[in-house]
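Only one structure is covered here, and it is reproduced in the block below.
Number of protein chains: 2
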Amino acid sequence: MTSPYQHKAHDGINQDVVWHTGSITHQERAALKRQVPVVLWFTGLSGSGKSTIANAVEQKLLALGKHSYLLDGDNIRHGLNKDLGFTQADRIENIRRIGEVASLFVDAGSIVLTAFISPFISDREQVRQRLEPHQFIEVFVDTPLAVCESRDPKGLYKKARAGEIKHFTGIDSDYESPTQPEIHLKTDIDSIEACAEKVVNYLAARGYLGL
Amino acid sequence: MTSPYQHKAHDGINQDVVWHTGSITHQERAALKRQVPVVLWFTGLSGSGKSTIANAVEQKLLALGKHSYLLDGDNIRHGLNKDLGFTQADRIENIRRIGEVASLFVDAGSIVLTAFISPFISDREQVRQRLEPHQFIEVFVDTPLAVCESRDPKGLYKKARAGEIKHFTGIDSDYESPTQPEIHLKTDIDSIEACAEKVVNYLAARGYLGL
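In order, the protein sequence lines correspond to chains A and B.
Under numbering that gives the first Met the number 0, think of the first position of the first sequence as 0, with each following residue one higher.
Under numbering that gives the first Met the number 0, think of the first position of the second sequence as 0, with each following residue one higher.
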């Protein structure tokens, strides 16, 4: 058994970096959970329905006895990434860290869902490249800006239009739509329930949900 | 149901931060895994046996059908924390992020083991404070410096003594021993097997391993 990592003990802080025989493998963790670990990466405008659909997917997975975890603003922005601000560099670092944590959860055997606007193709591609091809499923929550703005559950679009919030995605900052998302959801046509079912059916049809 | 977090949408980047009803609870995730989630925080000198014992504990937990995950240099230093260097500030940030990721795994229902020297009491205490009292178990791998140095599996002590590595814990940087660790292991007296068994017995006796 070899490590997937290079081990260069070039400094004291890397003194722990060595491969230990007898480690539990990724396959053993996944087998215990009877599923194929994967990242469901939800992307879309604010108010598009990412978190709502992701929560509905998780409910369905739990009912099937599957092990999932949702990373979103609630548990990331106030914890791991609370040191990050709003510069371009910090936005990139925000997505990079989320991708790394998602990768750890995949290694642990989980089906991990992420619900962040993640407006830039390059950032999403970087996460995709970090994983095996079958471990990254891009879920485009494709809700028209006008619909998101009419929902405006937090009044953020109103503030953005008034100039009180700068660099708001869809208003004065770009959203780059996925060109070939694995799953394409349209919440202005389908219900939350139907969207969530589409995601779970995608997983089931491709063997992610195991036995 | 209320969120444990404050939600202040004070800027565009926080536009996703809102509570969604219908989220799966921490309790539901733990129930699916039939265990009580917890962090086993291994601390000790380089070569003390942290990772080796943690791996042995994981093997035992897997045999019991329990869901665990090990955070160590292998999967953290080359991924999430690869942007961090060796300054005092970066060392603190290193441990902070590991604590935050461990907290996410606990929220997901896992028994998470961490194997880092983590030499400073203040850093370890910060992680402890981040969690509920019963969710943090400090495991002191108390191996005398002379024993660690005689093992020196990676030749790092030799390099540190030669001055080739600076700020090496135990040589020219302090290791602050835990004053009241929940579990105290002495690898110069007990075998790896005995140490691992002590940890698992601790968990079992306190109900962490559930049904």
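Beta carbons are placed, not taken as given, at the ideal position from N, Cα and C, and that holds for glycine.
Chain B places a beta carbon closer than 8 Å to that of residue 100/A, counting this residue as a contact. Residue burial annotation: residue 124/B is exposed, with fewer than 16 other C-beta atoms found within 10 angstroms of its C-beta.
Not one beta carbon of chain A lies nearer than 8 Å to the beta carbon of residue 47/B. In the DSSP secondary-structure assignment, residue 39/A is bridged to 112/A and 136/A.
Shown here, residue 122/B sits in a helix according to DSSP, grouped into three states. Taking 8 Å as the upper bound for CB-CB distance, residue 63/B and residue 110/B are not in contact here, some 10 Å apart. For residue 50/B, the closest alpha carbon among the candidates 73/B, 157/B and 165/B is that of 73/B. Around the beta carbon of residue 167/A, a 10 Å sphere encloses 16 or more other beta carbons of the protein chains shown; the residue is thus reported as buried. Contact annotation: in the stretch 96-128 of chain A, residues whose CB is within less than 8 Å of a CB in chain B are 96, 99, 100, 102, 103, 104, 106, 107, 108, 109, 114, 115 and 116. Annotation: the continuous alpha helix (DSSP H) that includes residue 201/A extends over 191-204.
For residue 71/A, the secondary structure class from DSSP, reduced to helix, strand or coil, is strand.
With its beta carbon less than 8 Å from one in chain B, residue 31/A belongs to the interface. Per DSSP, the continuous alpha helix (DSSP H) segment holding residue 25/B begins and ends at 25-32. With contacts defined as CB atoms closer than 8 Å, residue 136/A and residue 181/A qualify as a contacting pair.
Between residue 27/A and residue 31/B, the C-beta spacing is not below 8 Å.
For the set 96/B, 151/B and 47/B, the Cα lying nearest the Cα of residue 176/B is the one of 47/B. Here DSSP, grouped into helix, strand and coil, assigns residue 183/B to strand. At a C-beta separation below 9 Å, residue 25/B has no neighbours in chain A, since its nearest C-beta there lies roughly 11 Å away.
In the DSSP assignment, residue 95/A falls within the unbroken alpha helix (DSSP H) covering 87-106.
For residue 117/A, the closest alpha carbon among the candidates 84/A, 157/A, 94/A and 82/A is that of 94/A. Distance from the CA atom of residue 78/A to the CA atom of residue 106/B, rounded to whole angstroms, is 12 Å. DSSP, read as helix, strand or coil, puts residue 22/A in coil.
Under the three-state reduction of DSSP output, residue 50/A falls in the helix class. Our two residues, residue 146/A and residue 198/B, have alpha carbons roughly 54 Å apart in a direct line.
Each of 44/A, 35/A and 36/A was checked against the Cα of residue 186/A, and the nearest Cα belongs to 44/A.
Residue 83/B and residue 96/B have their alpha carbons spaced roughly 11 Å apart. Non-local beta-carbon contacts of residue 184/A in its own chain, meaning distances under 7 Å to residues more than five positions away in sequence, involve 52, 138, 139, 140, 141, 194 and 197 in chain order. Straight across, the Cα-Cα distance linking residue 90/A with residue 190/B is about 47 Å. For residue 117/B, there is no enclosing alpha helix (DSSP H), as DSSP marks it with neither H nor E.
In terms of CA proximity to residue 207/A, 33/A leads the group 24/A, 33/A, 25/A and 162/A.
Interface residue (Cβ-Cβ distance to chain B less than 8 Å): residue 58/A is classified as such.
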